[in-house]
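Before any comments, here is the structure.
Residue numbers (full-length UniProt numbering): 1 to 248.
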C-alpha cells in the first residue's frame, strides 16, 4: 500500500488543473455528500410538559451532546387523551412523560433515568473507562436523591419542613460530592477530565432546586460548607453549549 501525502498547496494545484465543468461537478458532489451525512444522523424528539422537572437534565444532555433534537412541550390538557392511548402502540410506551423517540431506529424510551443514561451513552457523556462509567452511574443516584428531595416543594403550601429536609439532603449529598471533586481537583469535573452526564445532572438538579427554594420559601442553597461544589456549579454554567441554551 502506498501512502500519499496531501497538503493544501498540492490540492490547490490539482483544483486549478480541473476544467470549470469538472470543478462544478466536484462542488455539487461534495455538497450532496455533506447533506447525505447530515440526513443520516439520528434525530431525537423529547416530549414533556413545560416544566423543567424530569426532562430538564435530559434536555441539557442533548444540548451538551450536540444532538439534532426537537423539544416538544405539552400542556396537561394535551397529554390527557394521548396518555390513554400510549400503551397501545409499538414500540411500547408507558403512559407518562418524558418520552424520547429516535427517528429511524424504532426506539421510544418513556422512563426518565433510562432516557438520561441512553442519551449520555449516545453522545459519549457517560465516562471514558469502566471506572469512570461506574462513578458516573453512582453520581446519577445522588442526582436522583436530590431530585426527590426538592420536587415535593413545588406543590407544598407550607414548605418549611420540606425546605429543611432538602437542605439536609443537600448537605449530606454535597459532602460526598466535595470529596469526589477534591479527589479529581485537577480537572474541576466530577469524573475524569471532561464533561460527563454526572456534571450535567448535579448542575441541573441544584439549579432547579435553587429556583424552587427561592420561589416557594425565599430560601437558597447553603454553599458555605460546599466550596468545591459551588465552583463546580459555576464551571458547568459556563460550559458553552449549556450557557448558550439558557441565554436564549
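Here a beta-carbon is modelled for each residue, glycine too, at the ideal position from N, C-alpha and C.
What is the C-beta distance between residue i and residue j, in whole angstroms, given that I count them as a contact (C-beta under 8 Å)?
i	j	result
residue 70	residue 45	4 Å
residue 125	residue 64	6 Å
residue 190	residue 233	Between residue 233 and residue 190 the Cβ distance is about 11 Å, and since that is not below 8 Å, they are no contact.
residue 201	residue 140	6 Å
residue 166	residue 209	7 Å
residue 62	residue 119	6 Å
residue 229	residue 174	5 Å
residue 250	residue 226	In this structure the chain extends from 1 to 248, so residue 250 is not present and cannot be described.
How should residue i be labelled, buried or exposed, when 16 other C-beta atoms within 10 angstroms of its C-beta is the threshold for buried?
i	result
residue 107	exposed
residue 115	buried
residue 199	buried
residue 129	exposed
residue 246	exposed
residue 215	exposed
residue 34	Any reading at residue 34 needs caution, since the residue's pLDDT is 44, under 50, leaving its predicted position unreliable; the model's value is listed next. Residue 34 comes out exposed.
residue 31	The predicted model places residue 31 with a pLDDT of 48, which falls under 50 and marks its position as unreliable; any figure quoted below should be read in that light. The residue in question, residue 31, is exposed, as its Cβ has fewer than 16 Cβ neighbours within 10 Å.
residue 147	buried
residue 88	exposed
residue 104	exposed
residue 236	buried
residue 85	exposed
residue 2	Model confidence at residue 2 stands at a pLDDT of 41, short of 50, so the residue's coordinates are unreliable and nothing is read from them.
residue 73	exposed
residue 205	buried
residue 90	exposed
residue 117	buried
residue 127	buried
residue 244	exposed
residue 149	buried
residue 192	buried
residue 93	buried
residue 121	exposed
residue 134	exposed
residue 131	exposed
residue 101	buried
Would you list the one or two residues that DSSP bridges to residue i?
i	result
residue 155	Per DSSP, none; premise fails for residue 155.
Cβ of residue i within 8 Å of any heavy atom in the ligand SAH?
i	result
residue 48	Summarising the ligand content, the structure contains no ligands, and the ligand SAH is consequently not present.
Inter-stretch contact (C-beta, 8 Å, three-pair minimum) for the segment 146-153 and the segment 89-97 | Using a Cβ-Cβ distance cut-off of 8 Å, the segment 146-153 and the segment 89-97 are not in contact, since fewer than three pairs of beta carbons, one from each stretch, lie closer than that value.
Unbroken stretches of the alpha helix (DSSP H), 4 residues or longer, contained in the segment 200-246 | As far as the segment 200-246 is concerned, its whole alpha helix (DSSP H) runs of at least 4 residues are 227-237.
Is it a yes or a no for the segment 44-61 touching the segment 179-188, going by three-plus beta-carbon pairs under 8 Å?
-> The segment 44-61 makes no contact with the segment 179-188; the number of CB pairs closer than 8 Å stays below 3.
Those runs of the alpha helix (DSSP H) which lie wholly inside the UniProt domain "GST N-terminal" (42-127) and span at least 4 residues = At a cut-off of 4 residues, the continuous stretches assigned as alpha helix (DSSP H) that sit fully inside the UniProt domain "GST N-terminal" (42-127) are 56-65, 76-85, 112-122.
Validate contact between the segment 219-227 and the segment 154-171 using beta carbons, cut 8 Å, 3 pairs | Short answer: they touch.
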